[in-house]
Structures are given as structure tokens and as C-alpha cells.
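According to our numbering, the first sequence is numbered sequentially starting from 38.
Data first, discussion second: the structure below is written as C-alpha cells.
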Amino acid sequence: MFKGALPGFRDFYPQELAERAYIMSTWREVARRYAFVEYDGPPLEPLELYTRKSGDEIVGQLYSFVDKGEREVALRPEMTPTVARMVAARANALRKPVRWFSMPQLFRYERQQKGRLREHYQLNVDLFGASEVAADAELLAVALDIMRAFGLTPDDIVARVSDRRILTAYLASLGVTAGGMDAAYGVIDKLERTPRDVSAERLAALGLAPSAVEAVLGIQAATLADVARVVTGADAAVVEEFAQYQRYLEALGVGAYVRFDLSIVRGLAYYTGIVFELFDRSGEFRAVAGGGRYDTLLASLGGADLPALGFGMGDVVLGELLRARGLMKAVPERADVWLAAAETEPLERVMREAAARRGAGQSVEYALRPQSLSKQKKAAQASGAQEFVTLSTDDGRNG
RNA sequence: GUGGCUGUAGCUCAAUCGGUUAGAGCACCGGUCUGUGGCACCGGGGGUUGCGGGUUCAAUUCCCGUCAGCCACCCCA
């Protein structure tokens, strides 16, 4: 006797499946509008694909085991290594830029919480072979247009956008040393959920002057102009590029969603340039999506040396948000027609009509045993069928 | 992995101080109503109170363990 799904896994009853299908079809539709094409890879991969670059810390969060061929394997926890491998294998043959998306089910063995299960479906949109900042703008525009397609406006969603290079330059101008940079990222990443004095203490421990500590604590309010005043040389060019990025986002029609915010760090991993996260304005939910540029990842995985950028958007937090806002319109499919006949009619009569209609493409349901018409009508209403058709007793052709 | 809170029917909840065969609404099934749109009325199935142990004459109620869920941490998708 099984009581339910494993912890962190979901049973998709028709209502839940309809919601999932609604989310995924919307993802697919908007990605298509931006001329991204769909691909997929194996749900099971060699364990090494994830341990090689990500480090061993991730291993504890993998669903991994030894298969019957004594291979160490893992259920995929993310799509990036797979797509990187696929692109690298055909790097020379693929038309650049490569605009691909996928909606894999991903797995991670972690303690579950709201918005965070052990399995989820995640839209992955990636662009390979494009170093232009226009590509960064396209990428964020897809993510935001998806929000719009779900009915989420700039009043609901904010895209907080930063740039690794700008953050680094800004922190350097405040006196953060190269050695203290990662630690500073860590403090900034946790700024919102850490008491102010604790953060201040950690920053002071990095050797920052009191004024610099204040500046970091208030980094969320720092504008691009603030940054432009203190950076020089190559960094100034990066700042100008970011300004271009913002102009492109305006041109693409999603500018209202975007906010410059240096406190967005995106973990400590492989991002090399512009990064972003999408949040609901109320702050009630976890990040809805996140991504950015990771130009060195393909090369470091031993593949082609192609610039790359991408984002992920999971179905769990998004689904919670849509339900909370009354924007989850999905309902299970209903039959086109409910066929009824007098209780005295043989069932074969109804079946022949059902077969004809089904042959013509209609979705047809009927009572599996003779019943009174009122009973059939009640059943038809409960089923939600679009149309109630009663076969006449006379000629058998009527609708 | 750590800590806190919580587990009664498919769902939302009730059950006095520990006291008889654990109740209700919704949902589901059956029936009545030949007419009003997912109506009304009648009836029915479904719970070893998450599971295991302990205390007690007696446990849904008190204690311990365990599993699960929620929240925070950790970490990120």
C-alpha cells in the first residue's frame, strides 16, 4: 500500500497536469516567438559530468547511483552541462548564434520546502556564439515576455540586473582586495536576509573603511551613474556597455520590468558578465527565474570556446505565483459532446454515433449503461462536455 | 544535514478535564424530482485519529521514537 509520492515528488492529477501543460505551452510559445528552437537530452547522465566542474559539494545533492554496468550515473540536476556538451560536439557545424531552449525535468536531493522540491520542470533558454550585449538583451526579453504572456506586469515582477564585472570594479574602488572579493560577494548575496550589523561586521573584517562598509550595505541603491563616477579604463567601457543593454531592453519593450541592482550575485559560480533574477514585487516567493552570461564555461568543460548565456525558470515557484495572483487559468480538457439516448435505446445505437463522431475528430463521451435522460443530463453537466446531444428515437440520425 | 512548529475522511475542520460504536460541510456513489443550467430532497460508501511504542481502568487527547508536511538555516534550480 503506497500512500503518496516520494518526498519532494509530485503526482500530477488532471488539474495539476493541466496547469503544468499551461505553463509549458506558454514557455514554448514565447520561446518560439524569439526564434529559439527546442532540444532535449538524457535525464540520466554520467556522474562525472556534474562533479568535474561544479565541484564535489554538489554531489551530496545529486540523485546518483551505480548502474548495472557499474557506471556511476546521476539524474540531471541542471541542463547546462548537457547542452554544453551537445553544442561543443557540433560547434563547427551549428549556425551561430545557436538559440536553443529545453524544458527538462531536473532532480536534486535536498530537503524540500515551499517552492523547492526534489524534482521540477525548468525552462532553459540559451544562446551560444554571441558575445554582443544585444544577445544579453534578447535573453532577458524572452524571460520577461514570458512573464507578460502569463499576465504578470511590471507591477508584479521586477528583473534585478547586475554585472559581475561592474560589481567587481565597484567593490575594488571601495577598497575590496582581489583576495576578499569572493567573501564580499557572499556578504552582498545575503544582504537582504542578514541583520545589518552582522553584514557590517563581516565587511569590516575584510579591511574595509567605515565609509566603504556603508557603501556596500547600501549597494542596492547604487545607480549605474554612481558606478560610472568611480570606475576607470576598461571598466568604464563595461559600464557603457551596460547602458547600451538597458537601451536595448527598452527597444525590445521590456524596460519597465528592469532595475539595475548590484546586489544580485547569482551564487558564486560560473557567471562572467551580466546576470539577472526575476522576482515578484511582493517578495513573497523565491526567485522566479535567473541567469546570465557564462562565456568561459564551454571552454572549461573541454568543449568549444564559445561565448554563452542563458537562464532557467522553474515551474514550481512560477506555478505558486500564478495561483496566488489568480492567473492560473488552466482546466483539464472536457469532451466536445455528451451523447444521450432514451433508456430503451440499445447501447449499440449510441456507440455507432459515437464512433462516427470520433472518426470525425470529436471528443465524445456517453453513459456506459442505459439510464434515464435526466440522469444522463446530470452526468453530462458534471462532465463539463461542451454540448449535450440526444439521439432521437425515430431515425437515429438526429443530433 | 541542523533547529522550531504541525499531523483526525479525497478537501476544510470538530470531538468538554483523558471517558461509550470519532462527527459535520464540500466532494464521491445510489435514488427521487420530466424542465431550468452545474437546483432541491432522501440514502450510502469512506478514517485501526500518519506509523510504532509507553503511561493509564481508559489515549484523537499525555510522553518517547519514527515518518511526513510547513518554516528558518545551509544551499541553490
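For every residue, glycine included, the Cβ atom is placed at its ideal position computed from N, Cα and C.
Q | In DSSP terms, what Asn161 is bridged to | A | In DSSP, Asn161 forms a bridge with Ser139 and Gly349.
Q. What residues in its chain sit with their C-beta under 7 Å from that of Arg434, if we drop five residues either side in the sequence?
A. Low confidence applies to Arg434: its pLDDT is 45, below 50, so where it sits in the model is not reliable, and the reading given next is rough at best. Its chain contains no residue whose beta carbon lies nearer than 7 Å to that of Arg434 once the 5 sequence neighbours on both sides are disregarded.
Q) For Ala125 versus Leu338, is the C-beta distance shorter than 8 Å? A) In this structure, Leu338 lies closer than 8 Å to Ala125 by Cβ.
**Q.** Touch test, the segment 347 to 360 against the segment 96 to 114, Cβ-Cβ under 8 Å, three pairs minimum
**A.** Counting Cβ pairs under 8 Å, fewer than three are found: no touch.
Q | Length of the line joining the Cα atoms of Arg185 and Glu382 | A | Each residue's Cα considered, the two are about 52 Å apart.
Q) Helix, strand or coil: how does DSSP classify Pro83 here? A) Pro83 falls in the strand class under three-state DSSP.
Q) Glu115 lies in the alpha helix (DSSP H); which residues open and close that run? A) Careful: Glu115 lies outside any alpha helix (DSSP H) and carries neither H nor E.
Q. Could you give the residue range of the alpha helix (DSSP H) that holds Tyr100?
A. Careful: Tyr100 lies outside any alpha helix (DSSP H) and carries neither H nor E.
Q) Taking C-alpha atoms, which residue in Gly212, Arg395, Arg296 and Val162 lies nearest to Arg70? A) Considering only Gly212, Arg395, Arg296 and Val162, the residue with the shortest C-alpha distance to Arg70 is Val162.
**Q.** Asp200 in three-state terms, based on DSSP
**A.** Look at Asp200 here: in three-state DSSP terms it is strand.
Q) Which class does Arg153 belong to by DSSP, given the choice of helix, strand or coil? A) Arg153: strand per DSSP, three-state reduction.
Q | Three-state secondary structure (DSSP) of Ile301 | A | Note: Ile301 maps to coil in three-state DSSP.
**Q.** Three CB pairs or more closer than 8 Å across the segment 387 to 400 and the segment 208 to 225
**A.** Not touching, per the Cβ criterion.
Q.
For Arg371 and Ser420, I'd like the C-alpha separation in whole angstroms.
A. Cα to Cα, the separation comes out at about 7 Å.
Q | Pairwise C-alpha distance: Leu335 and Asp342 | A | Going from the Cα of Asp342 to the Cα of Leu335 covers about 6 Å.
Q. What do you reckon, are the CB atoms on Leu177 and Phe297 nearer than 8 Å?
A. No; because the gap between Cβ atoms is not below 8 Å, this pair is not in contact.
Q: Can you give me the Cβ contacts of Gln159 inside the same chain, cut-off strictly under 6 Å, excluding the 5 residues immediately before and after it?
A: Only Leu143, Gly349 and Gly351 meet the Cβ criterion.
(Q) Cutting at 6 Å between CB atoms, please list the residues of its own chain near Asp332, excluding the five before and the five after it. (A) Hits under 6 Å: Thr309 and Pro344.
Q: With DSSP collapsed to three states, give me the class of Thr63.
A: If DSSP states are grouped into helix, strand and coil, Thr63 belongs with the helices.
**Q.** Reduced DSSP category for Tyr76 - H, G, I as helix; E, B as strand; rest coil
**A.** Look at Tyr76 here: in three-state DSSP terms it is coil, with no helix or strand label.
Q | Phe313 (DSSP reduced to helix, strand or coil) | A | In the three-state reduction of the DSSP assignment, Phe313 falls in the strand class, which pools E and B.
**Q.** Residue span of the alpha helix (DSSP H) that contains Val224, given as start and end
**A.** Its alpha helix (DSSP H) spans residues Met218 to Asp226.
Q: Closer than 7 Å by C-beta to Ala252: which residues in its own chain qualify, once you throw out the five before and the five after it? Chain order, please.
A: The beta carbon of Ala252 lies closer than 7 Å to those of Leu211 in the same chain, with the five residues before and after it left out.
Q. Would you report the Cα separation of Met388 and Tyr50, rounded to the nearest angstrom?
A. Approximately 28 Å, taken between the alpha carbons.
Q: For Arg197, collect the residues of the same chain with a Cβ closer than 7 Å to its Cβ; drop the 5 residues on either side in sequence, then sort them by chain order.
A: Excluding residues within five positions, the ones whose Cβ falls inside 7 Å are Arg296, Asp298, Ile301, Phe313, Glu314 and Phe316.
Q: Let me know if Ser139 comes out buried or exposed under the rule of 16 or more other beta-carbons within 10 Å of its beta-carbon.
A: Flag for Ser139 reads buried.
Q.
Which same chain residues end up closer than 8 Å to Arg233 when comparing Cβ atoms and leaving out the 5 residues on each side of it in sequence?
A. Closer than 8 Å at Cβ, skipping near neighbours: Leu254.
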